[in-house]
Amino acid sequence: MPYIQQKDRPALDPLINALAEEIVKKSKGAGNDAAYAGLLNYVCTRLALKIIKLQFGKVRYWIIATTTGVFHNVADEFYRRLASPYEDVQIKKNGDVDLYEEFQKEI
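In my numbering, the protein residues as written are 39 to 145.
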């Protein structure tokens with residue numbers, strides 16, 4: 039979960055902000071709105087690998103399992119907090135898929 043203690047955030051947030059600004063700058067320079075995705079993927083991957091290297095010095099199954107679990111949790115929470123509410127608005131705006139409504143009546 040991304041909800042770390044408040045006292046730990048000031049040391050990390052300026053670094054995250056600077057990295058985000060650099061990703062946006064490079065993405066805009068690429069002339070492709072989707073370019074940020076590859077940059078973000080690289081940054082997250084390299085950050086995870088660097089932490090593993092510094093923290094443990096080697097790879098073990100439990101480290102891989104824990105790290106992939108973190109990435110899954112990040113994706114799930116991102117979807118829960120941002121995408122799901124966005125989709126709810128779009129359903130109200132454009133109407134639901136009829137078969138979802140049909141199945142939900144059966145639940």
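Even glycine gets a Cβ: it sits at the ideal position worked out from N, Cα and C.
Source: prediction; values computed, not measured.
Practice item. Output the distance between the C-alpha atoms of K130 and P123, rounded to the nearest integer angstrom. Key: Taking C-alpha positions only, K130 is separated from P123 by approximately 11 angstroms.
Check your understanding: Quick one: what does DSSP say P40 is sitting in, helix, strand or coil?
Key -> In the structure shown, P40 sits in coil (DSSP, three-state: anything other than H, G, I, E or B).
Exercise for review: Keeping to the same chain, check which residues put their C-beta closer than 7 angstroms to that of F94; ignore five residues upstream and five downstream.
Suggested key: Contacts found: I101.
Point to revise | Three-state secondary structure assigned by DSSP to D134 | key: In the three-state reduction of the DSSP assignment, D134 falls in the coil class.
Point to revise | CB contact flag (L78, K64, <7 angstroms) | key: Not in contact: L78 and K64 (Cβ atoms no closer than 7 angstroms).
Review point. Is E144 near the ligand MG, judged by its Cβ being under 6 angstroms from some heavy atom?
Key: Ligands are entirely absent from the displayed structure, and the ligand MG is therefore not among its contents.
Exercise for review: Answer with yes or no whether the minimum CB distance from I89 to chain C is below 7 angstroms.
Suggested key: The structure shown contains no chain C, having only a single protein chain.
Review point. What is the residue span of the alpha helix (DSSP H) that D51 lies within?
Key: Where D51 is concerned, the enclosing alpha helix (DSSP H) stretches over R47 to A68.
Review point. In whole angstroms, what is the alpha-carbon distance linking Y99 and E60?
Key: Cα atoms of Y99 and E60: separation of roughly 33 angstroms, rounded to the nearest angstrom.
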